[in-house]
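**Student:**
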Amino acid sequence: MRLNEHPILRFKRGREVTIYFNGQPLKAFEGEPIAAALHAAGIKVLNYSANEKRPRGLFCAIGKCSSCLMIVNGIPNVRTCITLVEDGMRIEPQTGKAKLPKEAKPPEFRDAKAVKADIVVIGGGPAGLMAAIHAADTRASVVLLDENPMLGGQLVKQTHKFFGKREQFAGVRGVEIAKILEEEVRKRKNIEVFLETSAVGIFQEGDEKLVIGVRENRELIEFRGRALVVATGAMERMIPFENNDLPGIYGAGAIQTLMNTYGVKPGDRVLIVGAGNVGLILTYQLVQAGVKVEAIVEAMPKVGGYFVHAAKVRRLGIPILTRHTILRAEGKERVERAVVAQLDGNWKPIPGTEKVFDVDVIALAVGLRPSIELLHQAGCQIKFVPELGGHVAVRDGWMETTVRGIFVAGDTAGIEEATTAMLEGKMAGIAAALRLGIAEEGWVKEIERAQRDLEEFRSGPFGRHVVEGIRKILAGVGGNV
Amino acid sequence: MSKVAIIGGGITGVATAYELAKLGEEVILFEKNYFGSGSTFRCATGIRAQFTDEANIRLMKYAVERWEKLGEELGFDINFRQTGYLFLATSEEEVEAFKNNIRLQNKFGVPTRLIDMDEAKEIVPILNTEPFLAGAWNPRDGKANPFKTLFAYLFRARELGVEAREKAEIIGFEREGKEITAVKYRSNGKVESVKVDAVLNAANAWAPLINEMAGLKRELVPITPYKHQLVKTEPLERGQAEPLVCPPSWNDAYIIQDGEDGGIICGAGIEHRAKSMDDYEPTYDFLRGVLRYATMIAPPLRHAHIVRQWAGFYAKTPDKNPAIGKLLDNFYIAAGFSGHGFMMAPAVAQAMAELIAKGRSKVPIDWDWYDPYRFERGELRSSAFQIG
Amino acid sequence: MSDGKVIICRCNDVTVEEIETLIDEGVTDIEEIKRLLRIGMGPCQGRTCIPLVISILARRTGKKPDEIPLPRARVPIRPVRVEVLVGGGDE
Amino acid sequence: MSEVPPYLQRGYITPEELFGIIPKPSEERLRARPVAVPECPQEIPCAPCREVCPTNAISMPTPNDIPIVDYEKCIGCSLCVQICPGLAFFMVHYVGDKARITMPHELLPLPEKGEEVVLLNRLGEPVGKGRVLTVVPREKTKGDTPIITVEVPVELAWDVRAVKVVRG
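First to last, the protein sequences are chains A, B, C and D. If you read the first sequence in this note's numbering, its first letter stands for residue 5, the second for the next number, and so on. If you read the second sequence in this note's numbering, its first letter stands for residue 58, the second for the next number, and so on. If you read the third sequence in this note's numbering, its first letter stands for residue 29, the second for the next number, and so on. If you read the fourth sequence in this note's numbering, its first letter stands for residue -3, the second for the next number, and so on.
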């Protein structure tokens, strides 16, 4: 089902095209991924798993899990959540492991396109955008790459207004902040933007860093820079419960992508797992899209997100069951029901407290963890810091990791907020330019200002654990602590 | 019964521990990291008797016979599959060389034969037949799961009483004359010592460091670590490229479908001298270079996705043959396998265990050929046929 | 499929029971668990499952999560089509 | 951690709890003109209400402090209701036996002026019906959030915090 009316968003759809699912024609729009088009047509089972042939559907919607692989135009293992529709495309579900076509022409060996800049920023979310803008303002040449077809990262899915102070975009909706920052980037002639471009590896080449990029899944690009800012965001956590792989179980971000980016309803009746900010905000967004949310379950004895987000959904009649967890999903090929139960003081389900919800969607909003794969691969020291969301790169007070010239910012540096991501991005962008000797000493003041703003933002109860996490990560690191 | 210390928890050390325990010896095994972490878990899984010299052909023929019954013996599915090795010739001269090798292999009972490209295509459905003239095909060659094989040996060894210790690093020996009397090691931050009757250096790339601790010259057995890399595709349906397929004239490039998940592993002779003993950094030139070859061998691979690239060491000797034998009265070595440690392990472990326990072995192993003192004497063997 | 399985690794359909059984058999190094069960070796490259395995391992062995090293992230950090790496994308 | 306040266990706050944290405007003040009442009892890093207030009626020494409205300085301009990212500001005005509640409304459909709507309390339960007196659409607000004012029986002044539009 497609959304046409929305209180906040306006959906601009591309040209109408026809795709074929198992030979059946379906309507789709240019610019949307295959999985979104299939969802709009009610098709949720995308493949049957490699070994046990279990039905699987969309889960992460950002090309990171393996749940949406399908056969497209005869080519197996295509990630349909990030592959855009093309007119006449033939799509089939994949069952088990795939077979390659028997014949093909050997591909020609060609040199990759080469792009050079002072600073390569990986990730065009709030942190990366701010890093690029500020690095550019110090006169560094900047290349900014992002996997998505648009800049803004998760901001583009956020219909709610941001917290913080006005100068940090408080009171402005995420979608609008994305537009403002994108405009700032586009204004700067010394920032070159590459969209739909993934960074898949970092190699050290003398003084330079070689970032292997893949554009639109079809073009190899070698990005070379003397410094890097890695702002690759976060990834959703999964939790164990029975049948947790049934189609209809999604990460919260996947639902936001479907609903707010592509204007496709994820289903009709939803159970939300997790009452942190992501779960609460998602619930409100579902209601805005006209989807019924049956309940929110939360294992903790209290709402983990901001109280005001909880109050917003409570007054629309949505129950929040604290000290409750999901026991299992039920359904044949996709979610038909969810069974939840109350937890005792030792986190054990209390027998007899089971409740059954007739839902077709289960949204997991059980936390995020930093996407550190690139940093880890590049050799940065990694440390487990629960306060920052799990494994993070060790970095100094100016956001430089243990690999000289590689900086980190935003959720990749520790799960927090878009507001802090922007401040960290600003710091990382300036610090990278200082490291290269491009920025003048005066820019140190700007870093210090961002540090003060961060300190202020983090001074409340919500910031305390982050401050503690950062203290752990800075312990023992030399340099600009 | 005597107490034997084995240094190195890779396939050679673990398998020898098992074989010694079977012979009733008391064994203590030391691995400085986790089992298999050196080279075993990084290998390309292949097992072949298609060598080009008598010693290696005979040893590997015997090894393959052991491999055939190994899962049953160890009571563990090690996923040994005889899916063959297919070498491909790109010139008439190479076809002639293949024929000579086949004659030698046949002489020792290895059933290699020359096949045409139609037959090759049946065996490897995604093969590009165009550039090749003929193939050397031994259907008894194969592959096994290195992880499962190592653990199968380890579990059985422990059942037989072997004390196998991970994260236990050797730091020195006590030596009296030509005998090692005790092994000093560090475990959980504590230094400990154990009295032993014999020691086997099975540390492969790290073996020269162990020899040095035993008071021998590092260069006595010159083993140099070369970084070899592999890339692997996502899991694929079985049967598309089961054998190891290799045109040796294309820089020893090869592909082989993983016996476990069906992902296709691609290797090549693009090697780098390791900068240090923990230089496992993959390189960009390899990533692109190996795939250039792989897609010429099997063009449909172009549509598969690469999910990982990794590196491991070929612990190379100057003649690419391992050093297997006695270094001191009770100090033995089985190291420097130059990329063949996994495939040779069942035979070498048995030979080594029998040598230590009984002073002689039933295994058809040419002790002179693998003599660890040959380098010092300047008696190099003909280079073992090596791929990848 | 509503058979009550708790899936930890979607790529290879590995369940929580399989992991716990292996740990109880004494295989407690994450690198060894990874290789024996092929966790983290599928197309998602361990993004979803590895944190879960670490928490199961920590719970089962009493180790702290920060004592369990994260398996190395490898190039490419997301799957890339072979033809793209070779350079000739158009057939 | 100290004891969990009941409002965080439930996800909504009762008027009694709220006025245990912030002062309640006097009856006299409520009758004089509309007055802004924040339902924002938790220390979160957020300050736009203070920054937007034209009379500096909101005190908040740091963004992580909770907003306290000086009801005498408040002129009832509704800018805080329009800007608040948490949709936590409301205005209340007693008029005869009715109370006029000004609240954000970010859902479709937006009610029309004069339309009768279902009144919802903080749990989303219907507690009666009321008439919409004013509607400020999204384009016209200073905070990108549409706001509406509904008239409710005065005894429901501290219960009604949302409305549901029922048509056809």
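Beta carbons are placed, not taken as given, at the ideal position from N, Cα and C, and that holds for glycine.
What residues match up with Pro29/A in a beta bridge as DSSP calls it?
**Tutor:** Position 25 of the first sequence holds residue 29/A. Beta-bridge pairing links Pro29/A to Tyr24/A.
**Student:** Identify whether Asp122/A lies in helix, strand or coil by the three-state DSSP scheme.
**Tutor:** Taking the first residue of the first sequence as 1, we reach residue 122/A at position 118. If DSSP states are grouped into helix, strand and coil, Asp122/A belongs with the strands.
**Student:** Relative to chain C, which residues along the stretch 198 to 214 of chain B have a C-beta separation below 8 Å, given in chain order?
**Tutor:** Those would be Phe204, Lys205, Phe208, in chain order.
**Student:** Go through the stretch 38 to 110 of chain C residue by residue and report every complete run of the alpha helix (DSSP H) that reaches 4 residues or more, in order.
**Tutor:** Counting only runs of 4 or more, we get 44 to 52, 58 to 65, 77 to 89.
**Student:** Where do the ends of the alpha helix (DSSP H) carrying Gly229/B lie?
**Tutor:** Here residue 229/B corresponds to residue number 172 of the second sequence, with the count starting at 1. Premise fails: Gly229/B lies in the beta strand (DSSP E), 225 to 233, not in any alpha helix (DSSP H).
**Student:** Which residues share a DSSP beta bridge with Thr147/B?
**Tutor:** Counting from 1 along the second sequence, the entry for residue 147/B is found at position 90. None, per the DSSP bridge assignment.
**Student:** For the stretch 207 to 292 of chain A, which segments carrying the alpha helix (DSSP H) assignment without a break, of at least 4 residues, lie completely within its bounds, in sequence order?
**Tutor:** Runs found: 256 to 260, 281 to 292.
**Student:** Note down the Cα distance separating Lys79/B from Ile259/A, rounded to an integer number of angstroms.
**Tutor:** Here residue 79/B refers to the residue found at position 22 when the second sequence is read from its first residue. Here residue 259/A refers to the residue found at position 255 when the first sequence is read from its first residue. Each residue's alpha carbon lies about 59 Å from the other.
**Student:** Should Arg63/C be flagged as near chain B, meaning a C-beta pair shorter than 8 Å?
**Tutor:** Within the third sequence, residue 63/C is the residue found at index 35, counting from 1. Yes, Arg63/C counts as interfacial toward chain B.
**Student:** Is the distance from the Cβ of Leu275/A to the Cβ of Val363/A below 8 Å?
**Tutor:** For the purposes of this step, residue 275/A is taken as residue 271 along the first sequence, with counting starting at 1. For the purposes of this step, residue 363/A is taken as residue 359 along the first sequence, with counting starting at 1. Result yes, Cβ atoms of Leu275/A and Val363/A sit closer than 8 Å.
**Student:** Starting from the beta carbon of Asn81/A, find every residue of chain C whose beta carbon is closer than 8 Å, and list them in chain order.
**Tutor:** The sequence position of residue 81/A within the first sequence is 77, counting from 1. Chain C residues near Asn81/A: Pro71, Pro107.
**Student:** Could you name the residues of the stretch 285 to 310 of chain B whose beta carbon sits closer than 7 Å to any beta carbon of chain A, in the order they occur along the chain?
**Tutor:** Within the stretch 285 to 310 of chain B, the qualifying residues are Glu291, Pro292, Leu293, Glu294, Gln297.
**Student:** Using a threshold of 8 Å, state whether the C-beta atoms of Glu96/A and Ile126/A are closer than that.
**Tutor:** Within the first sequence, residue 96/A is the residue found at index 92, counting from 1. Within the first sequence, residue 126/A is the residue found at index 122, counting from 1. Going by C-beta atoms, Glu96/A is not nearer than 8 Å to Ile126/A.
**Student:** Using a C-beta to C-beta distance shorter than 7 Å, which residues of chain B count as neighbours of Pro93/C?
**Tutor:** Counting from one through the third sequence, the residue named residue 93/C turns up at place 65. In chain order: nothing, as chain B lies at least about 18 Å away.
**Student:** Establish whether the CB of Gly65/B and some CB of chain C are separated by less than 8 Å.
**Tutor:** Here residue 65/B refers to the residue found at position 8 when the second sequence is read from its first residue. Cβ-Cβ to chain C under 8 Å: no for Gly65/B.
**Student:** Is the Cβ-Cβ distance between Lys161/A and Thr265/A less than 8 Å?
**Tutor:** As a working note, residue 161/A is residue 157 in the first sequence. As a working note, residue 265/A is residue 261 in the first sequence. It is a contact, given that the beta carbons lie within the stated cut-off.
**Student:** Counting only beta-carbon separations shorter than 8 Å, does Tyr337/B have a partner in chain A?
**Tutor:** Against the second sequence, residue 337/B aligns to sequence position 280. It does not; no Cβ of chain A falls within 8 Å.
**Student:** What first and last residue would you give for the beta strand (DSSP E) that runs through Tyr242/B?
**Tutor:** As a first step, residue 242/B is located in the second sequence; it is residue number 185 there, counting from the start. Element bounds for Tyr242/B: 236 to 244.
**Student:** Between Ile79/A and Ala102/A, what straight-line distance do the alpha-carbon atoms span, to the nearest angstrom?
**Tutor:** Residue mapping note: residue 79/A aligns to position 75 of the first sequence, counting from 1. Residue mapping note: residue 102/A aligns to position 98 of the first sequence, counting from 1. Straight-line Cα distance between these residues: approximately 9 Å.
**Student:** State the DSSP-derived secondary structure class of Met403/A, mapped to helix, strand or coil.
**Tutor:** Along the first sequence, one-based indexing puts residue 403/A at 399. If DSSP states are grouped into helix, strand and coil, Met403/A belongs with coil.
**Student:** Show which residues of chain F have a CB atom less than 7 Å away from the CB atom of Ile363/B.
**Tutor:** Looking at the structure shown, chain F is missing, and the protein chains on hand are A, B, C and D.
**Student:** Assign Pro305/A to one of two classes, buried (16 or more other C-beta atoms within 10 Å of its C-beta) or exposed (fewer than that).
**Tutor:** Here residue 305/A is taken as the residue at index 301 of the first sequence, counted from 1. With fewer than 16 Cβ atoms within 10 Å of its Cβ, Pro305/A is classed as exposed.
**Student:** So is Pro292/B buried or exposed if we call it buried at 16+ other beta carbons inside 10 Å?
**Tutor:** Here residue 292/B corresponds to residue number 235 of the second sequence, with the count starting at 1. When all chains shown are included, Pro292/B counts as buried.
**Student:** For Glu88/B versus Arg222/B, is the C-beta distance shorter than 8 Å?
**Tutor:** The residue you call residue 88/B lines up with position 31 of the second sequence. The residue you call residue 222/B lines up with position 165 of the second sequence. Their beta carbons are under 8 Å apart, which means Glu88/B touches Arg222/B by this criterion.
**Student:** Just to make sure I have the definition right: I need the residues of chain D whose C-beta is within less than 9 Å of the C-beta of Ile354/A. Which are they?
**Tutor:** Within the first sequence, numbered from 1, the residue matching residue 354/A stands at position 350. Per Cβ cutoff of 9 Å: no residues; Ile354/A is ~17 Å from chain D at best.
**Student:** Helix, strand or coil: which one does DSSP assign to Leu344/B?
**Tutor:** For the purposes of this step, residue 344/B is taken as the residue at position 287 of the second sequence. The answer is helix: DSSP assigns Leu344/B an H, G or I state.
**Student:** Count the other CB atoms, across all protein chains shown, that sit within 10 Å of the CB of Thr416/A; report buried if there are 16 or more and exposed otherwise.
**Tutor:** Reading the first sequence from its first residue, position 412 is the one you call residue 416/A. When all chains shown are included, Thr416/A counts as buried.
**Student:** Taking the C-alpha atoms as reference points, what is the distance between Glu188/A and Phe173/A?
**Tutor:** In the first sequence, counting from the first residue as 1, residue 188/A sits at position 184. In the first sequence, counting from the first residue as 1, residue 173/A sits at position 169. Taking the straight line joining both Cα atoms gives about 14 Å.
**Student:** Apart from the five residues on each side of it in sequence, which residues of its chain come closer than 8 Å, Cβ to Cβ, to Thr102/B?
**Tutor:** Looking up residue 102/B in the second sequence gives position 45. Same-chain partners within the cutoff: Lys200, Ala201, Asn202, Pro203, Ile313, Asp315, Gly316, Ile322, Phe399.
**Student:** Rounded to the nearest angstrom, what separates Gly416/B and Met409/B at their Cα positions?
**Tutor:** Sequence index remark: in the second sequence, residue 416/B carries index 359 (1-based). Sequence index remark: in the second sequence, residue 409/B carries index 352 (1-based). Distance between the alpha carbons of Gly416/B and Met409/B is about 9 Å.
**Student:** With DSSP collapsed to three states, give me the class of Val48/D.
**Tutor:** Along the fourth sequence, one-based indexing puts residue 48/D at 52. Looking at Val48/D - three-state DSSP - the assignment turns out to be helix.
**Student:** So what's Trp154/D in DSSP terms, helix, strand or just coil?
**Tutor:** Counted from its first residue, the fourth sequence places residue 154/D at position 158. Three-state result, Trp154/D: coil.
**Student:** Which chain B residues are close to Glu48/C, counting only those with a beta carbon under 7 Å from its beta carbon?
**Tutor:** The count along the third sequence starts at 1 and reaches residue 48/C at position 20. Result: empty, since nearest Cβ-Cβ is about 17 Å, beyond 7 Å.
**Student:** Just to confirm, does Ile64/D get its C-beta within under 7 Å of one of the non-hydrogen atoms of the ligand ATP?
**Tutor:** This structure simply doesn't include the ligand ATP, nor any ligand for that matter.
**Student:** Do you know offhand how far Asn194/A's Cα is from Lys120/A's?
**Tutor:** Taking the first sequence and counting its residues from 1, the one referred to as residue 194/A is at position 190. Taking the first sequence and counting its residues from 1, the one referred to as residue 120/A is at position 116. Computed Cα separation, rounded: 12 Å.
**Student:** Determine, using beta carbons only, whether Glu317/B comes closer than 8 Å to chain C.
**Tutor:** Reading the second sequence from its first residue, position 260 is the one you call residue 317/B. At least one chain C Cβ lies under 8 Å of Glu317/B.
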